[in-house]
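Numbering (the working numbering), first residue to last: 18 to 297. Worksheet: the structure to be examined is printed underneath.
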Amino acid sequence: MKQGILYCVATPIGNLADMTERGKRILSEVDKVYAEDTRVTRGLLTHYGIQNTLASLHDHNEADRVASIRAELDQGMQLALVSDAGTPLISDPGYKLVHALGESGHTVVPIPGASALIAALSVAGLPTDRFVFEGFLPAKSVSRRKLLEGVREEPRTLVFYESSHRIADMLADVVATLGEERRVVILRELTKLFESIYRGSAGDLLQQMATDTNMSRGEFVVVIAGNVVTEDQEQLSALRADSILAVLLEELPVKQAAAIAARLTGLPKNQLYKQALAMG
């Protein structure tokens with residue numbers, strides 16, 4: 018019996034010419050295509066002259082689909098998984114399925130292609146050797162600010178997805194939590210007709226958005242510079258940590274003093290623990 022395979026196929030994020038030849042071949046050859054929205058995928062397949070069987074797999078039915086898809090693979094079926102746009106599982110459905118299939122020893126094959134995350138990083142002009150992808154931020158400002166405050170000291174480049182009806186509020190929260198001088202690149206409608214890239218400080222871009230209504234239309238990737246600590250700032254943090262530890266050690270055990278100092282300074286707890294031990 019032929020081995021069952023699930024192919025995770027990337028689809029265009031806007032420009033339909035970005036579909037790979039391998040991706041088109043797989044979508045035409047498999048026995049069935051599982052799609053986030055069958056209407057969207059039907060239009061995509063029609064554009065490429067592909068006819069195939071479609072079935073839905075989205076956030077609300079994914080868990081229920083796992084057993085039947087596993088059974089189809091056990092029968093030797095070749096299946097494809099696509100999202101509405103971009104690479105499956107990247108802020109899109111598919112994690113539960115792929116995780117379950119991996120645990121049960123089934124073969125899952127990536128068919129790479131378009132990804133808004135990678136496309137944005139390739140042109141943002143911010144460091145890409147190390148980055149953190151956070152997907153969509155919470156819808157409510159309180160939760161959004163809490164998450165942003167949690168990455169305020171993160172030195173790696175930050176990448177987020179955002180929608181048109183929240184982009185202005187998200188940028189306002191970036192200003193409030195990360196500071197108006199933090200470098201931000203907003204990438205709008207990547208690969209589409211009205212693709213635009215806006216670069217500047219968070220404060221300047223927020224002001225620009227208030228007067229330019231086009232800036233808040235479409236789909237967005239927001240790339241934010243990581244927190245860069247200069248040598249002078251590092252020395253200042255070390256001196257501050259010494260002072261804080263000296264006071265805390267008068268009243269607390271070393272481990273507890275180091276933990277509190279880490280929260281106050283943002284420095285690693287292990288580093289401060291060793292520092293406290295050295296202070297005797």
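Where a beta carbon is used, it is the ideal one built from N, C-alpha and C, also for glycine.
Beta-carbon gap between Pro144 and Thr174 smaller than 8 Å: Taking the first residue of the sequence shown as position 1, residue 144 is located at position 127. Taking the first residue of the sequence shown as position 1, residue 174 is located at position 157. A contact, by the Cβ cut-off of 8 Å.
Proximal residues to Arg161 (C-beta, below 7 Å), its chain only, five neighbours per side dropped: Your numbering for residue 161 matches position 144 in the sequence shown. Answer for Arg161: Leu154, Pro155, Met187, Asp190, listed in chain order.
Inter-residue spacing [alpha-carbon to alpha-carbon] between Asn244 and Tyr290: Translated into positions along the sequence shown, residue 244 becomes position 227. Translated into positions along the sequence shown, residue 290 becomes position 273. When rounded, the distance between both Cα atoms is 23 Å.
Other residues of its chain near Val201: CB distance less than 6 Å, five sequence neighbours each side excluded: On the sequence shown, position 184 is the one that residue 201 refers to. Around Val201: Ala219, Leu222, Ile241.
Phe150 to Ser181 span [Cα, whole Å]: Walking along the sequence shown from the start, residue 150 turns up at place 133. Walking along the sequence shown from the start, residue 181 turns up at place 164. Between Phe150 and Ser181, the C-alpha separation is close to 19 Å.
Same chain only: Cβ atoms within 6 Å of Lys209, ignoring 5 sequence neighbours per side: Within the sequence shown, numbered from 1, the residue matching residue 209 stands at position 192. If you ignore the 5 residues before and after Lys209, its C-beta comes within less than 6 Å of the C-beta of Gly31, all in its own chain and listed in chain order.
Spatially closest choice to Ser233 from Ala185, Ala141, Gly217, Leu44, by CA coordinates: Position 216 of the sequence shown, counted from the start, is the residue given in the question as residue 233. Here the closest residue by C-alpha is Ala185.
Gly130, DSSP secondary structure in three states: Within the sequence shown, numbered from 1, the residue matching residue 130 stands at position 113. Of the three classes helix, strand and coil, the one that applies to Gly130 here is coil, per DSSP.
Assigned exposure category for Met36 - 16 Cβ within 10 Å defines buried: Here residue 36 refers to the residue found at position 19 when the sequence shown is read from its first residue. Flag for Met36 reads buried.
CA-to-CA distance, Gly152 to Leu313, given in whole angstroms: With the chain represented from 18 up to 297, any question about residue 313 goes unanswered, as that position is not in the structure.
Nearest-angstrom beta carbon gap, Ala97 and Tyr24 [assumed within contact, 8 Å]: In the sequence shown, counting from the first residue as 1, residue 24 sits at position 7. In the sequence shown, counting from the first residue as 1, residue 97 sits at position 80. Their Cβ separation, rounded to whole angstroms, is 5 Å, which keeps Tyr24 and Ala97 in contact under 8 Å.
Whole-angstrom distance between Thr282 and Ala295, CA atom to CA atom: Reading the sequence shown from its first residue, position 278 is the one you call residue 295. Reading the sequence shown from its first residue, position 265 is the one you call residue 282. When rounded, the distance between both Cα atoms is 18 Å.
Beta strand (DSSP E) segment containing Ala72, residue limits: Position 55 of the sequence shown, counting from 1, holds the residue named residue 72. Boundaries of the beta strand (DSSP E) harbouring Ala72: 71-73, taken from the DSSP string.
Assigned secondary structure, Gly243 (DSSP; H/G/I helix, E/B strand, else coil): Translated into the one-based positions of the sequence shown, residue 243 becomes position 226. In this structure, Gly243 counts as coil in the three-state DSSP scheme.
Thr104 burial status per 10 Å Cβ neighbour count (16 or more: buried): Walking along the sequence shown from the start, residue 104 turns up at place 87. Its Cβ being crowded by 16 or more others within 10 Å, Thr104 is buried.
Chain-order list of residues whose beta-carbon lies under 8 Å from that of Ile67 (same chain, five-residue window excluded): Residue 67 sits at position 50 when you count from the first residue of the sequence shown. Cβ neighbours of Ile67 within its own chain (closer than 8 Å, five residues either side excluded): Lys41, Leu44, Ser45.
Residue-chain proximity (Gln273, chain E), Cβ-Cβ < 8 Å: Absent from the structure is chain E; it holds one protein chain and no more.
Per DSSP, cross-strand counterpart(s) of Lys49: For the purposes of this step, residue 49 is taken as residue 32 along the sequence shown, with counting starting at 1. For Lys49, which the question treats as bridged, DSSP gives the partners Leu96.
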